[in-house]
Amino acid sequence: MPVHAVMAKRLLPHQPSFEGDAPGPDELDSPAIEAAALDIPPPEADKAMQKGVWERPSSSTETFKPLTDGSTVLRFDILLARIMPPDGEDVKIKRFVVYELTVSQDGATADTQPAKIERRYTDFRELYLGLKRQYPTELANKYFPAKVLMGNFKSELIGERSAAFEAFLTYVAGQTKLRDSEEFLRFLQHDELSRACQFLDERRNENAIPILENCFRLLNKIYMNRSRPVLLILCRLVAACTSSPVPHHAAERWALVALSRFETLCDIDLLPLYIPLLHTCAHLWWQRGQDQKPITDRLTDMSKQGINIANTESLMQAIHKIDPRTETI
1383 MPVHAVMAKR
1393 LLPHQPSFEG
1403 DAPGPDELDS
1413 PAIEAAALDI
1423 PPPEADKAMQ
1433 KGVWERPSSS
1443 TETFKPLTDG
1453 STVLRFDILL
1463 ARIMPPDGED
1473 VKIKRFVVYE
1483 LTVSQDGATA
1493 DTQPAKIERR
1503 YTDFRELYLG
1513 LKRQYPTELA
1523 NKYFPAKVLM
1533 GNFKSELIGE
1543 RSAAFEAFLT
1553 YVAGQTKLRD
1563 SEEFLRFLQH
1573 DELSRACQFL
1583 DERRNENAIP
1593 ILENCFRLLN
1603 KIYMNRSRPV
1613 LLILCRLVAA
1623 CTSSPVPHHA
1633 AERWALVALS
1643 RFETLCDIDL
1653 LPLYIPLLHT
1663 CAHLWWQRGQ
1673 DQKPITDRLT
1683 DMSKQGINIA
1693 NTESLMQAIH
1703 KIDPRTETI
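The working numbering applies: residue 1383 is where the sequence shown begins, and numbers increase by one.
Have a look at this one:
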């Protein structure tokens, strides 16, 4: 099923920026400069920003167009941004803009479960610079908005940057080298995965699971169903749902998804996850009073093929060997 990456047409800044023209970090972090930027009275168009929230005008948002050829459209949209911290809160923290990125995959019908993540300008810039260092040819002529001395909280600038970020991510997702890079994967999941792992460390699985579910939905829209990033996050989700004495109510649903994804797996690096996954699912089926035979039969078949099926480690331990994180194993 073909996948296309598109974005709504937006107005970009009239003049391209070059890294050499951008002010230095020391200049941008100057409290005096930020105070000056905040003290400038807002024009009529920026009155909505006085509450610290920017929303893209509905007139500039592309409407859904159903596809009838079996293809899907991958969309990156920034429809909302917020100035943080909110006015009157924690005045010691330097204020910044958080962009809410919505990722959806539309087909014959609109995506009913888009994934949303929040990122700052610095996150987008780190992605751009990291990719440009590694793939200079692919990024040679790609526009990216430069840092500015003043006006970071103006609605016009936020709108222009949002459109530029959408265009940039659309391009990255459409290029195999860029899409499969560690830099792009880190941009997509690092913050959320770190937070989920912290919750798992604290045995607060109920807080980690919604974050991991959102991560799975996001990666599953961008990568192939049986790709390494998708299977890893899916196994983390199953492990989080089953590591408590009482399984999470969504444990069986995610376990079934994981089992189906591993049925025709060819990536030998991920096969060490399969045995712990089967044992985890067999135990879950036992807990739920369901028939374990299809799973145990699969393990028996693998044993006859000379594969060691001894359950020597948990699913989370197997994940940690492939992709170490902070969670306790």
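Cβ atoms here follow ideal geometry from the backbone N, Cα and C, with glycine treated the same way. Model, not experiment: these values are computed from the prediction.
Boundaries (first-last residue) of the beta strand (DSSP E) holding residue i
| i | result |
| --- | --- |
| T1454 | T1454 to M1466 |
| D1488 | F1478 to D1488 |
| I1701 | From DSSP, I1701 is part of no beta strand (DSSP E) but of the alpha helix (DSSP H) over L1697 to I1704. |
| A1497 | A1497 to R1502 |
Alpha helix (DSSP H) segment containing residue i, residue limits
| i | result |
| --- | --- |
| I1604 | N1587 to I1604 |
| F1569 | E1564 to D1583 |
| S1642 | A1633 to F1644 |
| A1555 | S1537 to G1556 |
| V1620 | R1610 to T1624 |
| K1447 | Careful: K1447 lies outside any alpha helix (DSSP H) and carries neither H nor E. |
| P1527 | That residue, P1527, is in no alpha helix (DSSP H); it is neither H nor E in DSSP. |
| Y1656 | Y1656 to Q1669 |
| S1440 | Premise fails: S1440 is in no alpha helix (DSSP H) and is neither H nor E. |
| M1684 | K1675 to K1686 |
Contacts around residue i, its chain only, beta-carbon distance under 7 Å, and the 5 residues preceding and following it disregarded
| i | result |
| --- | --- |
| A1692 | none |
| R1599 | Q1495 and A1497 |
| R1670 | E1634 |
| G1434 | R1464, I1465, P1468 and D1469 |
| L1560 | L1513, Y1517, E1520, V1554 and F1566 |
| P1676 | none |
Nearest neighbour of residue i, chosen from the options [CA to CA]
| i | options | result |
| --- | --- | --- |
| F1644 | L1616, W1668, C1623 and S1626 | L1616 |
| T1646 | R1608, T1678, W1667 and K1675 | R1608 |
| A1578 | E1542, E1565 and C1597 | C1597 |
| M1466 | D1705, G1452, F1478 and L1509 | F1478 |
| C1330 | V1530, R1610 and G1512 | Since the first residue shown for the chain is 1383 and the last is 1711, residue 1330 is missing from the structure and cannot be characterised. |
| S1486 | V1530, T1454, L1619 and A1528 | T1454 |
| I1701 | A1640, R1618 and D1679 | R1618 |
| Q1557 | D1505, L1513, I1689 and W1636 | L1513 |
| N1534 | D1562, R1464 and F1569 | R1464 |
| Q1672 | G1688, E1634 and D1651 | E1634 |
| A1549 | R1568, K1524 and A1528 | K1524 |
| M1606 | M1684, S1440 and D1562 | D1562 |
| D1573 | S1642, D1505 and L1560 | D1505 |
| I1689 | K1703, I1650 and R1670 | I1650 |
| N1587 | Q1687, F1569, Q1571 and P1627 | P1627 |
Supposed close pair residue i, residue j - CB separation, criterion 8 Å
| i | j | result |
| --- | --- | --- |
| Y1481 | E1500 | 7 Å |
| P1629 | L1601 | Between L1601 and P1629 the Cβ distance is about 23 Å, and since that is not below 8 Å, they are no contact. |
| I1540 | W1668 | Actually they do not touch by this definition, with Cβ atoms about 53 Å apart. |
| E1584 | Q1516 | That belief does not hold up - the Cβ atoms of E1584 and Q1516 are roughly 35 Å apart, past 8 Å. |
| Y1503 | R1543 | 7 Å |
Sequence-distant residues of the same chain with beta carbon closer than 8 Å to residue i, five excluded per side
| i | result |
| --- | --- |
| L1681 | I1657, L1660, H1661, A1664 and I1691 |
| A1632 | I1591, E1595 and C1623 |
| L1483 | F1458, D1459, I1460, K1498, I1499, E1500, R1501, F1547 and L1551 |
| V1639 | L1616 |
| T1678 | A1664 |
| S1685 | I1691 |
Same chain, Cβ closer than 6 Å to residue i, neighbours up to 5 away in sequence not counted
| i | result |
| --- | --- |
| L1614 | D1705 |
| L1462 | E1437 and E1482 |
| V1612 | L1601, N1602 and Y1605 |
| Y1510 | F1526 |
9 Å Cβ cutoff, residue i in contact with chain B
| i | result |
| --- | --- |
| E1588 | Looking at the structure shown, chain B is missing, and only one protein chain is on hand. |
| query | How about the segment 1488-1498 and the segment 1448-1457: do they share at least three Cβ pairs that are nearer than 8 Å? | reply | The segment 1488-1498 makes contact with the segment 1448-1457; the number of CB pairs closer than 8 Å reaches 3 or more.
| field | the segment 1515-1526 / the segment 1537-1554 touching (three or more Cβ pairs under 8 Å) | value | Per the Cβ contact rule, the segment 1515-1526 is in contact with the segment 1537-1554 (3 or more Cβ pairs under 8 Å).
| query | Using 8 Å as the Cβ pair cut-off and three pairs as the minimum, do the segment 1589-1605 and the segment 1617-1637 touch? | reply | Result yes; three or more Cβ-Cβ pairs closer than 8 Å.
| task | Pair every Cβ in the segment 1655-1662 with every Cβ in the segment 1696-1708, then say whether three or more of these pairs are closer than 8 Å. | result | Contact between the segment 1655-1662 and the segment 1696-1708 is present: three or more C-beta pairs spanning the two stretches fall below 8 Å.
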